[in-house]
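Written out as C-alpha cells, the structure reads:
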C-alpha cells in the first residue's frame with residue numbers, strides 16, 4: 001500500500017510541478033477552516049505512518065480560519081507530510097504536526113525525527129532550484145527531488161515562505177505561515 005501511495009504522490013507532484021511551471025494553476029484564495037483540511041491529509045497517510053511504526057502527534061485548533069488557496073495548502077501539507085516526514089522518518093520515529101494561530105497568521109509546522117537534510121539540499125530548495133538530488137527514504141522509497149520545491153512555489157503563490165530547519169541525523173522541521181484569523 002505504501003508503494004502505491006508513493007506512486008500516486010509522485011504523479012500528483014509531477015502534474016502539480018508541470019502545471020505550476022506552465023502557469024496553469026489558478027490561484028483561488030478563500031477564507032477556510034484549516035483544521036479539516038489538515039485532518040483529511042492526516043487521515044489519508046495515517047496507515048502508511050502506522051505501517052512504519054511512526055507516531056504522529058497533532059496540535060490543531062478547530063476554527064482556525066486562513067485566507068489562502070485551499071487546494072494548494074492541502075497539496076503543500078500532503079507533500080511535506082508524506083513525501084518528506086513519513087518517507088525519511090525511521091520505524092519507531094515520530095512526527096509532530098501543529099497549526100498555531102498568531103498575530104501574523106497561522107503557522108503550520110511539521111517536525112520529524114527522521115534522517116534530516118544536508119545544508120546544501122536546504123540551500124538548493126531556498127535558492128529556488130527546480131529540483132534537488134533526491135535521497136532514499138528509510139524503507140528505500142525513491143524521491144523525485146521536486147516535492148519541497150513544489151511546496152515552496154505553492155506557498156509563494158499564497159504569500160508565504162517555506163522555512164526549513166534541518167540537520168543530518170537530527171530530523172527536519174518545515175513551517176509556513178498563512179494569513180488568517182482564529183475564531184473562538
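In full-length UniProt numbering, the protein residues as written are 1 to 184. We treat Cβ as the ideally placed atom computed from N, Cα and C, and that holds for glycine. Bear in mind the structure is a predicted one, so any value in this text is a computation, not a measurement.
Mapping the DSSP letters down to three states, classify residue i as helix, strand or coil.
{"i": "residue 153", "result": "helix"}
{"i": "residue 148", "result": "helix"}
{"i": "residue 96", "result": "strand"}
{"i": "residue 22", "result": "Its pLDDT being 47, under 50, residue 22 is placed unreliably in this model, and the value from its coordinates should be taken loosely. Correct three-state label for residue 22: coil."}
{"i": "residue 75", "result": "helix"}
{"i": "residue 40", "result": "helix"}
{"i": "residue 111", "result": "strand"}
{"i": "residue 30", "result": "strand"}
{"i": "residue 123", "result": "helix"}
{"i": "residue 106", "result": "strand"}
{"i": "residue 89", "result": "coil"}
Taking Cβ positions, are residue i and residue j nearer each other than 7 angstroms?
{"i": "residue 132", "j": "residue 121", "result": "yes"}
{"i": "residue 101", "j": "residue 64", "result": "yes"}
{"i": "residue 91", "j": "residue 52", "result": "yes"}
{"i": "residue 77", "j": "residue 34", "result": "no"}
{"i": "residue 116", "j": "residue 149", "result": "no"}
{"i": "residue 160", "j": "residue 176", "result": "yes"}
{"i": "residue 139", "j": "residue 69", "result": "no"}
{"i": "residue 45", "j": "residue 82", "result": "yes"}
For residue i, which of the options has the nearest alpha-carbon?
{"i": "residue 174", "options": "84, 106 and 142", "result": "84"}
{"i": "residue 54", "options": "93, 62, 70 and 112", "result": "93"}
{"i": "residue 155", "options": "128, 141 and 112", "result": "128"}
{"i": "residue 164", "options": "47, 72, 126 and 61", "result": "126"}
{"i": "residue 151", "options": "134, 124, 72 and 144", "result": "72"}
Tell me which same chain residues have a C-beta within less than 6 angstroms of the C-beta of residue i, skipping the five on either side of it?
{"i": "residue 98", "result": "59 and 109"}
{"i": "residue 56", "result": "49 and 95"}
{"i": "residue 179", "result": "67 and 105"}
{"i": "residue 171", "result": "112, 113, 114 and 116"}
{"i": "residue 87", "result": "137 and 141"}
{"i": "residue 32", "result": "70"}
Give every residue of the same chain whose Cβ lies closer than 8 angstroms to the Cβ of residue i, excluding the five residues on either side of it in the sequence, and list them in chain order.
{"i": "residue 74", "result": "37, 40 and 41"}
With a threshold of 7 angstroms between beta-carbons, can residue i be considered close to chain C, or not?
{"i": "residue 125", "result": "Among the chains of the structure shown, chain C does not appear; only one protein chain is present."}
Return the chain-ordered list of same chain residues with a C-beta closer than 7 angstroms to the C-beta of residue i, the five sequence neighbours on each side being excluded.
{"i": "residue 103", "result": "none"}
{"i": "residue 118", "result": "168"}
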